[in-house]
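Chains as they are written, first to last, in the UniProt record's numbering: chain A, 1 to 292; chain B, 1 to 380.
Each residue gets a CB set at the ideal place from its N, CA and C atoms; glycine is no exception.
Because the structure is a prediction, the values reported are computed rather than measured.
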Amino acid sequence: MQALVIVAHGSHLNPDSSAPTYDHADTVREVGAFDEVRTGFWKEEPSIREVLRTVEADEVYVVPLFISEGYFTEQVIPRELRLNGWDVADWDSDGLSASHVTLTATDVPEKTIHYCGPVGTHAAMTDVLVRRAETVTGDPNVGEGFGLAVVGHGTERNENSAKAIEYHADRIREMDRFDEVQALYMDEEPEVDDVTDYFDSEDVVVVPLFIADGFHTQEDIPEDMGLTDDYRTGYDVPAEVDGHRIWYAGAVGTEGLMADVVLERAADAGADIGDALEVVRERTRKTPQEAN
Amino acid sequence: MGHHLDALVDAAATGDGVSLDGLSVVHDDAGFRLETPDSTLSGLTEDGLREALEDADADDYATNWYFWTEVVGEASPQRRAFLRWVEGAPVDAGDDGDGESNSAPVPERYDALRDGVSREWGQLLVTVTVGDHGERSYELRHADEADADRDALDPYREPLAARQLATYDEKGRYRPLKSGNNLAGGWVFPDLDGRDLVETVETFYPASVPNWYRERRGELDVTHWEDAIGRQTGMYSVVKTWNRGDGHEHVDWVAEACCDDSQCVKRREWEYDDDTDLDVDGGDGAFPCREPCSVVIAASRKWTRLEGEETQTYEFELTPSEKQQVEDIIDAVADDRTDDIREADVYEGANRYRARFLRAKLFDDEGNLGGVPTDAPDGE
């Protein structure tokens with residue numbers, strides 16, 4: 001028996017924080033790749049402290065629904081899961097390359113715990129950013145004539161956060177699909193406030209590399225970019241700003257294809273997921289496929 | 001009908017035979033030996049055993065064995081334990097029911113189960129009924145709606161539907177704590193099997209069944225306040241500084257504020273530390289709380305900062321009724337009663353017009369009570 005446990009931050013104030021976690025757990029549950037799919041949270045329940053005891057299976061794949069390697073993936077989650085002998089060096093990561101370690105946990109000593117790197121740094125995440133652009137424009141072939149901005153927090157709290165943004169921006173640029181690709185930040189240059197300065201393309205898709213919608217993605221970024229004066233009144237998609245059409249996508253983590261990255265992480269750690277990846281990629285597509 | 005007998009006869013003929021809840025069937029050289037608290041028959045042929053088991057009381061034993069052995073099984077000891085607790089069956093070997101009363105013999109238990117046996121779990125009410133062949137059906141609803149007509153409640157069948165039901169309270173406000181004593185009603189899961197019942201219960205109250213099970217086995221890993229705040233890092237590490245080695249009154253206040261039965265349905269088992277109990281009762285919840293939750297930690301971070309302030313003397317005057325009214329307002333907020341106070345009920349101190357009058361009279365333009373600034377002027 002194998003179980004998937006998705007761990008995420010959650011919120012005491014906002015139900016939208018855990019919504020994507022539940023959505024992706026449901027997607028994975030529906031493809032039947034795991035005997036059990038559970039969720040655990042830092043701020044909600046079950047707590048990360050108690051999530052392993054809710055699992056029956058003896059092989060457990062824990063995937064953090066976080067954007068980057070750092071405080072949560074390296075300290076909080078291993079501590080709360082009570083992973084025996086956890087040492088961040090075992091990930092042997094350059095800040096982007098953590099894949100998985102296999103350990104036991106004192107809470108459930110009979111089980112094997114495969115602790116995976118965060119979803120945000122997986123290569124498959126690049127595809128989710130692109131899929132998000134497809135979803136927000138309603139065009140499965142969006143790219144030509146469009147710029148794409150990937151938005152992150154910046155390095156203020158965690159240098160790996162910016163690494164993940166650059167990594168995916170570079171990979172999308174290499175696809176040669178969008179006319180322009182730019183990494184932007186909330187608290188450092190190049191700033192998302194000046195988004196229109198960084199693009200020649202009239203149409204710009206802006207995708208924040210965030211797990212869930214909340215204060216930053218629903219209030220700060222829309223106001224900073226000038227999509228609206230007051231987030232409470234909402235904004236158009238696309239919205240006209242300085243002669244550009246800004247297609248603001250909201251948090252990439254709400255995109256259905258995120259479930260694919262969760263599965264990839266578990267599969268990299270040795271989970272047997274059969275054809276679940278193919279099934280999830282198709283099921284989570286919201287734009288019409290091109291007729292051949 | 002009869003497949004439970006086939007399974008029982010097969011099991012009785014092999015190994016140590018069958019033994020559960022007062023039923024014992026073994027096979028030896030003389031044939032089958034069937035034992036219940038009421039009778040013992042030995043030297044039975046297989047047909048004789050089948051005939052004896054078809055007797056009404058013996059059939060209850062047989063279907064009961066089948067349900068617990070073949071339907072529920074041993075795959076999840078905690079699920080099995082919970083389901084047995086729900087219907088008042090002995091939970092652990094050597095246990096006689098729920099520890100509150102002796103467990104009744106199976107035929108008596110079945111009589112009760114045919115009418116439905118109910119248990120409360122937090123704000124949930126589980127009712128189990130037994131069908132003609134020993135199959136159990138579990139109904140789950142809000143405990144406050146025990147007497148509600150089932151048709152008046154919205155029916156759900158999928159355990160995960162509980163996630164949405166648990167997200168908002170009656171007033172549509174987000175519930176940050178699943179075990180908060182503010183679960184909304186209006187719904188019913190009319191017919192769950194055992195597995196789905198536990199899934200549903202665990203969706204309403206995550207980890208409640210495993211923690212309860214560990215507690216029953218004497219294995220609950222309680223983390224007391226001192227250890228729980230000792231392990232905090234980052235923005236929560238500051239809570240450590242709140243303990244100043246001079247008692248635990250501050251943690252009593254935390255527990256009284258957050259962990260009272262009126263606020264959370266878990267039974268608080270954590271104390272100040274291994275040797276020091278809090279002065280506040282842990283409550284009567286069906287399932288335990290094993291450590292300060294994230295809401296308690298987050299609130300304690302705020303209190304750590306607030307309680308770092310020195311007191312000051314402010315001087316302004318209140319009438320006796322105004323002092324009383326300030327107390328009424330604090331009570332109303334603390335007991336979440338503000339919405340229940342009618343707009344024109346000016347006899348309530350926490351009435352909106354009364355509060356507005358008090359503000360109009362006593363606040364200055366900066367919002368200072370009695371016109372006294374909150375912060376002492378510079379230089380003092």
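Unbroken beta strand (DSSP E) runs of length 3 or more, entirely within the segment 45-100 of chain A: which are they? Correct list: 59-64.
Got a sec? Which residues, its chain only, sit under 6 Å from A:D220 by beta carbon, not counting five neighbours each side? As a first step, residue 220 of chain A is located in the first sequence; it is residue number 220 there, counting from the start. Cβ within range, chain order: n/a, list empty.
Is A:S17 closer than 8 Å to A:G214 when the C-beta atoms are compared? Position 214 of the first sequence, counted from the first residue, corresponds to residue 214 of chain A. Position 17 of the first sequence, counted from the first residue, corresponds to residue 17 of chain A. For A:G214 and A:S17, yes; Cβs fall inside 8 Å.
Counting only Cβ-Cβ distances shorter than 8 Å, please list the residues of the segment 8-24 of chain A near chain B, keeping chain order. Within the segment 8-24 of chain A, the residues whose Cβ lies closer than 8 Å to any Cβ of chain B are, in chain order, S11, H12, L13, N14, P15, Y22.
Would the segment 273-289 of chain A and the segment 105-123 of chain A be scored as touching if the rule is three or more Cβ pairs under 8 Å? The segment 273-289 of chain A vs the segment 105-123 of chain A: no contact.
Starting from B:F189, follow the beta strand (DSSP E) in both directions and report where the run begins and ends. Position 189 of the second sequence, counting from 1, holds the residue named residue 189 of chain B. Judged by DSSP secondary structure, B:F189 falls within the beta strand (DSSP E) whose first and last residues are 187-192.
Residues within the segment 46-69 of chain A neighbouring chain B, beta-carbon criterion of under 8 Å: Flagged, chain order: P46, S47, R49, E50, V51, R53, T54, E56.
If you draw a straight line from the C-alpha of B:D365 to the C-alpha of A:D230, how long is it? Sequence index remark: in the second sequence, residue 365 of chain B carries index 365 (1-based). Sequence index remark: in the first sequence, residue 230 of chain A carries index 230 (1-based). Cα to Cα, the separation comes out at about 28 Å.
Terminal residues of the continuous beta strand (DSSP E) containing B:F32? Your numbering for residue 32 of chain B matches position 32 in the second sequence. It spans 31-35 - the beta strand (DSSP E) in which B:F32 sits, taken as one unbroken run.
Between B:T129, B:G172, B:L113, which has its C-alpha nearest A:N14's C-alpha? Along the first sequence, read from residue 1 onward, the residue named residue 14 of chain A stands at position 14. That would be B:G172, whose Cα lies nearest to the Cα of A:N14.
Residues in the segment 227-238 of chain B having any Cβ partner in chain A nearer than 8 Å: Against chain A - using a Cβ distance shorter than 8 Å - the residues of the segment 227-238 of chain B are R231, T233, G234.
Tell me the start and end of each unbroken alpha helix (DSSP H) in the segment 300-343 of chain B that is at least 4 residues and wholly inside, in chain order. With a minimum length of 4 residues, the continuous alpha helix (DSSP H) runs that stay inside the segment 300-343 of chain B are 320-334.
Compare the Cα-Cα distances from A:V63 to each of A:E180, A:G40, A:D224 and report the closest residue. To locate residue 63 of chain A, count along the first sequence from 1; it is residue 63. Comparing alpha-carbon positions, the option among A:E180, A:G40, A:D224 lying closest to A:V63 turns out to be A:G40.
Could you give the distance in angstroms between the alpha-carbon of B:D55 and the alpha-carbon of B:E74? Numbered from its first residue, the second sequence carries residue 55 of chain B at position 55. Numbered from its first residue, the second sequence carries residue 74 of chain B at position 74. Between B:D55 and B:E74, the C-alpha separation is close to 28 Å.
Cβ shell of A:R177 (< 6 Å), same chain only, five flanking positions each side left out: Here residue 177 of chain A refers to the residue found at position 177 when the first sequence is read from its first residue. Around A:R177: G143.
Between the CA atoms of B:L220 and B:A286 - distance to the nearest angstrom: As a position in the second sequence, residue 286 of chain B is number 286, starting the count at 1. As a position in the second sequence, residue 220 of chain B is number 220, starting the count at 1. Within the model, the alpha-carbon separation for B:A286 versus B:L220 is close to 14 Å.
Neighbouring residues, chain A, relative to B:S300 (Cβ below 9 Å): Numbered from its first residue, the second sequence carries residue 300 of chain B at position 300. Taking a Cβ-Cβ cut-off of 9 Å, B:S300 has no neighbours in chain A, whose nearest Cβ is about 13 Å from it.
Going by DSSP, name the residue or residues bridged to A:W247. The residue you call residue 247 of chain A lines up with position 247 of the first sequence. Per the DSSP secondary-structure output, A:W247 pairs in a beta bridge with A:V205.
Give the DSSP-derived three-state secondary structure of B:V72 in the structure shown. Here residue 72 of chain B refers to the residue found at position 72 of the second sequence. The three-state secondary structure of B:V72, taken from DSSP, is helix.
Any beta carbon of chain B sitting closer than 8 Å to that of A:R283? By one-based count along the first sequence, residue 283 of chain A stands at place 283. By this cut-off, A:R283 is not an interface position.
So, using beta-carbon positions, are B:E348 and B:D328 closer together than 8 Å? Taking the first residue of the second sequence as 1, we reach residue 348 of chain B at position 348. Taking the first residue of the second sequence as 1, we reach residue 328 of chain B at position 328. Contact: yes.
Taking 8 Å as the CB-CB cut-off, is B:V295 touching chain A? Here the question's residue 295 of chain B lines up with position 295 in the second sequence. The beta-carbon of B:V295 is placed less than 8 Å from the nearest beta-carbon of chain A.
Does A:Q2 get closer than 8 Å to chain B when you measure Cβ to Cβ? Along the first sequence, one-based indexing puts residue 2 of chain A at 2. No - not a single Cβ of chain B is within 8 Å of the one on A:Q2.
In three-state DSSP terms, what is B:E135? The residue labelled residue 135 of chain B in the question sits at position 135 within the second sequence. Here DSSP, grouped into helix, strand and coil, assigns B:E135 to coil.
So, with DSSP's three-state summary, where would you put B:S24? Counting from 1 along the second sequence, the entry for residue 24 of chain B is found at position 24. Strand at B:S24.
Return the Cβ separation of B:L44 and B:G31 in integer angstroms, given the expectation that the two are a contact with Cβ distance under 8 Å. In the second sequence, the residue the question calls residue 44 of chain B occupies position 44. In the second sequence, the residue the question calls residue 31 of chain B occupies position 31. Indeed they touch by this definition, with Cβ atoms about 5 Å apart.
Please report the straight-line C-alpha distance between A:Q218 and B:D149, rounded to a whole angstrom. Against the first sequence, residue 218 of chain A aligns to sequence position 218. Against the second sequence, residue 149 of chain B aligns to sequence position 149. Taken atom to atom, the span from the alpha-carbon of A:Q218 to that of B:D149 is near 42 Å.
Could you tell me whether the Cβ atoms of B:E271 and B:H224 are closer together than 8 Å? Translated into the one-based positions of the second sequence, residue 271 of chain B becomes position 271. Translated into the one-based positions of the second sequence, residue 224 of chain B becomes position 224. A contact, by the Cβ cut-off of 8 Å.
DSSP three-state assignment for A:G226, whether helix, strand or coil: Counting from 1 along the first sequence, the entry for residue 226 of chain A is found at position 226. Note: A:G226 maps to coil in three-state DSSP.
At least three beta-carbon pairs within less than 8 Å, the segment 271-284 of chain B to the segment 187-197 of chain B: No, they do not touch.
Counting only Cβ pairs nearer than 7 Å, list the residues of chain B close to A:K43. Within the first sequence, residue 43 of chain A is the residue found at index 43, counting from 1. The CB of A:K43 comes closer than 7 Å to the CB of S294 in chain B, given here in chain order.
Test item: CB-CB of A:D194 and A:F146 under 8 Å: Here residue 194 of chain A is taken as the residue at index 194 of the first sequence, counted from 1. Here residue 146 of chain A is taken as the residue at index 146 of the first sequence, counted from 1. With respect to the 8 Å criterion, A:D194 and A:F146 are not classified as neighbours on the basis of their beta carbons.
Output, in chain order, the set of chain B residues within a Cβ distance shorter than 9 Å of A:Q75. Counted from its first residue, the first sequence places residue 75 of chain A at position 75. The contact set of A:Q75 on chain B, defined by CB atoms closer than 9 Å, consists of T233, G234 in chain order.
Can the beta-carbon of B:A81 be found less than 8 Å from the beta-carbon of B:R216? One-based indexing of the second sequence puts residue 81 of chain B at position 81. One-based indexing of the second sequence puts residue 216 of chain B at position 216. Yes. Within cutoff.
Measure the CB-CB distance between B:W212 and B:P155 and report whether it falls below 8 Å. The residue given as residue 212 of chain B occupies position 212 in the second sequence. The residue given as residue 155 of chain B occupies position 155 in the second sequence. Note that the C-beta distance between B:W212 and B:P155 is not below 8 Å.
At 7 Å on the CB atoms, spell out the chain A contacts of B:E202, in chain order. Numbered from 1 along the second sequence, position 202 holds the residue referred to as residue 202 of chain B. Under the 7 Å cutoff, chain A gives T54.
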